[in-house]
Amino acid sequence: MTFQLRAATDQDRLFARTLTREAMNCYYEYYGFIWSNDGFDTAWAGRKSWLICRDEAVIGFISVSRDDEALFIRELHVIEACRGQGAGSWVLEQMVFKARALGLRLLRLTVFKTNPARQLYLRQGLSIVSDEACFWQMERLCQTAV
């Protein structure tokens, strides 16, 4: 089983939006958030995104942004039937490599406190650095500043 990242295009936006909505709907309902297709589409346009592939099959996607210090994981979703098979861990490792290659110190993300993916993030070396009402802000040091 070989994972790879393939640059996402605008033609992949519907897949990514649908997967995100399906994956996040229970959290949106629980915390009283309202989903917005337009909001997703606007965010998609301003981020770098990749499809997560296993062999030739698309099994998820990741979307990131960055500032001078950190690479931010904005979305990371794997099709439900493919979860727990190593794709998430592999993608997080790839994002650490990307952050290093860009000279960024940190990998950051935000996760709903009730999302089981938080356990994956902890196992992959991310730490909780901020506790908000329904979210945890997490980060991992990728390299020391030069």
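Going left to right, the sequence shown walks through residues 1 to 146 as my numbering numbers them. All residues carry an ideal CB built from backbone N, CA and C; glycine is no exception.
- F112 and C134 have their C-alpha atoms roughly 6 angstroms apart.
- A residue is called buried when at least 16 other Cβ atoms come within 10 angstroms of its Cβ; R17 meets this threshold and is buried.
- Per the Cβ contact rule, the stretch 51-68 is not in contact with the stretch 32-40 (fewer than 3 Cβ pairs under 8 angstroms).
- Taking a cut-off of 8 angstroms on C-beta distances, the stretch 19-26 does not touch the stretch 83-100, as fewer than three cross pairs fall below it.
- The DSSP-derived three-state label of F33 is coil.
- By the neighbour-count criterion, in which 16 or more other beta carbons inside 10 Å mark a residue as buried, W44 falls on the buried side.
- Within 10 angstroms of the beta-carbon of L107 lie 16 or more other beta-carbons, which makes it buried.
- For E93 and N115, the gap between their C-alpha atoms comes out near 20 angstroms.
- E22 carries a helical assignment under DSSP once its states are collapsed to helix, strand and coil.
- Around the beta carbon of E56, fewer than 16 other beta carbons sit within 10 angstroms, so the residue counts as exposed.
- Counting the other Cβ atoms within 10 Å of the Cβ of W35 gives fewer than 16, which makes it exposed.
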